[in-house]
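Take the sequence shown: its letter number 197 is residue 207 in the numbering used here, and every next letter is one higher. Beta carbons are placed, not taken as given, at the ideal position from N, Cα and C, and that holds for glycine. Source: prediction; values computed, not measured. Only one structure is covered here, and it is reproduced in the block below.
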Amino acid sequence: MKTLVIGTGGREHALALALSRDPSVSEVHAAPGNPGIGAFAALHEVDPLDGEQVADLAARLGADLVVVGPEAPLVAGVADVVRARGIAVFGPSGAAARLEGSKAFSKEVMAAAGVPTARSFTCTTPDQLAAALDEFGAPYVVKDDALAAGKGVVVTLDRAEAEAHAAGCERVVVEEFLAGPEVSLFAVCDGTTTRPLQPAQDFKRIFDGGRGPNTGGMGSYSPLPWAPADLAEQVVREVVDPTLAEMRRRGAPFVGCLYVGLALTAAGPRVIEFNCRFGDPDVQPVLALIDSPVGELLLAAAEGRLDAVEPPRFKDAASVTVVLASRGYPESSSKGDVITGVGAANGVADVDVIHAGTALTEVDGEQQLVTAGGRVLAVRAVGYDIADARARAYAAADLITFDGLQRRTDIAAEPLGVVEGASLLD
Ligand code: AMP
Ligand code: GLY
């Protein structure tokens, strides 16, 4: 099977790598891709937000499966254009991607489907906002209704800060604060049938101990030894299946990855958010542990026949991913800092260096890898258990240097599972 991955980040690198390790996959292409993917796959220039360009490339390559990685092209309807050409695509339609594209829409679907989530109000006026903040009290949770690349949510004890965030948005969702460790559950869906992957946890704050501003994710690990063994089944039953049914009822069946961000509260799992794609870096350790063909799984989902394939199998092992970010992240990022040690780190047994924001430029007549984004690289290791995987990931990460490098030292450290959940508030 020929595959084409759309996107440029760590998620797309990890997906392309997983596809390349599926014996039924003969070719991996990526567009635009990144230098890490370029080491083992063919890269193509396209505007990932332009459905016609993506569909033309897929047709020219004779792709059997297109995987659209990021949310922006999905919300823009890129998967619809590819699907309309008769090419199998893993990724929801623009209508179904509204589950991520609009917080208000996802809350409406959850309410209609009876999915357990934080109570919430959608507000457009200062009076509505004041009433909602009064209703729930502190800690306040205020979310921009629009797609905001991870920057749209404020959780604060300070009412003035909550009000200031809302004032900068056209429409906000104010919701009840959920206390408990956060879990990422990726559900591969074909519109009707669901195959959940193994749960993972993402460390979202920039500094050790869960301090500082939210980021796109500074590290992750899987499995979660402290979580209930039947968590994935429970979330499919209580969250994913009812959501898929509601989306079908609305004429927008969800085909792709439904990323369920959960808080494990005292009252049980509650949905914090839906995303319409795999999460990064949380999916990286999950993909490292899959022991069944990823291409076959995603193709079956794209073709609406997930019920005919075996559920994914996972290695009896653990995986940890440590993100290396550039100076200034998450407020800004630094470009052009020369990176060294990637080859050495990649050479460590059971380690993959995943590229998230890198570029190749010519320095003194030679191609040189440099930083090109906030999250630059992710060092992912597999080990016997989490402590082993963690030790390998950090040993490999120690080999990589660039000016301004930032990384957390406590990814997947004790106490597992409650680090971020206990410190949502600064
Ligand atoms: P989101 O973009 O919805 O994932 O929100 C970003 C982060 O804000 C989440 O990962 C949580 O840490 C936090 N958050 C969002 N909603 C809530 C909530 N209702 N209660 C507590 N924390 C929340
Ligand atoms: N790691 C969080 C996300 O992908 O949204």
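- In the structure shown, the three-state DSSP call for I421 is coil.
- Setting aside the 5 residues that flank it on each side, A65 is surrounded in the same chain by V91, V92 and R95, each with a C-beta closer than 6 Å to its C-beta; the list follows chain order.
- In the DSSP assignment, Y231 forms a beta bridge with Q211 and V330.
- A residue is called buried once 16 or more other Cβ atoms fall within 10 Å of its Cβ, and R70, having fewer, is exposed.
- Checking the DSSP bridge columns, you'll see T202 has no partner listed.
- Closer than 7 Å to some heavy atom of ligand 2: that describes the Cβ of P291.
- Assigned with DSSP and collapsed to three states, H39 falls in strand.
- Of the candidates S34, T253 and I349, the residue whose Cα lies closest to the Cα of Q377 is I349.
- Going by C-alpha positions, A210 is about 26 Å away from L409.
- By the Cβ rule, the region 232-240 does not count as touching the region 171-180, because fewer than three pairs are nearer than 8 Å.
- Taking a C-beta distance under 8 Å as the contact criterion, V125 and T204 do not qualify as a contact pair.
- Contact between the region 211-230 and the region 298-316 is absent: fewer than three C-beta pairs spanning the two stretches fall below 8 Å.
- Fully contained in the region 330-406 are the following beta strand (DSSP E) runs of length 3 or more, in chain order: 345-348, 361-365, 368-373, 376-382 and 385-393.
- In the displayed model, E171 falls within a helix according to three-state DSSP.
- The Cβ neighbour count for T371, taken over all protein chains shown within 10 Å, is under 16; the residue is labelled exposed.
- The Cβ atoms of A262 and S103 sit closer than 8 Å to each other.
- Rounded to the nearest whole angstrom, the C-alpha separation of R417 and Q208 is 25 Å.
- Relative to ligand 2, the beta carbon of G227 is positioned inside 7 Å of a heavy atom.
- A residue is called buried once 16 or more other Cβ atoms fall within 10 Å of its Cβ, and R21 is buried on that count.
- For S130, the enclosing beta strand (DSSP E) has its first and last residue at S130 to C133.
- Counting only unbroken stretches of 3 or more residues, the beta strand (DSSP E) elements lying wholly within the region 12-38 are 12-17, in sequence order.
- According to the DSSP assignment, K153 belongs to the beta strand (DSSP E) that extends over Y150 to D154.
- D218 has its CB no nearer than 7 Å to any heavy atom of ligand 2.
- For E243, the enclosing alpha helix (DSSP H) covers residues L241 to V245.
- The criterion of a C-beta distance shorter than 8 Å is not satisfied by L297 and K325.
- Secondary structure at R287: coil, using DSSP grouped into helix, strand and coil.
- Between the region 76-84 and the region 144-155, the count of C-beta pairs closer than 8 Å stays below three; the two stretches do not touch.
- Remark: the C-beta of K117 is outside contact range of ligand 1, defined as less than 7 Å to any heavy atom.
- Taking a contact as a CB-CB distance under 8 Å, the pair E62 and A128 does not count as one, their CB atoms being some 39 Å apart.
- Pairing K153 with G162, the inter-Cα distance amounts to about 6 Å.
- The straight-line gap separating the alpha-carbon atoms of H39 and D32 is approximately 14 Å.
- Residues E192, V193, L195, V245, P279, R280, V281 and I282 of the same chain have their beta carbon placed closer than 7 Å to that of L272, with the five preceding and five following residues left out of the count.
- Between A312 and F100 the beta-carbon gap is near 5 Å, inside 8 Å, which marks them as a contact.
- For D290, the closest of R259, A328, L387 and D301 by C-alpha to C-alpha distance is L387.
- In this structure, V389 keeps its C-beta atom at 8 Å or more from the C-beta atom of A369.
- Residue burial annotation: A401 is exposed, with fewer than 16 other C-beta atoms found within 10 angstroms of its C-beta.
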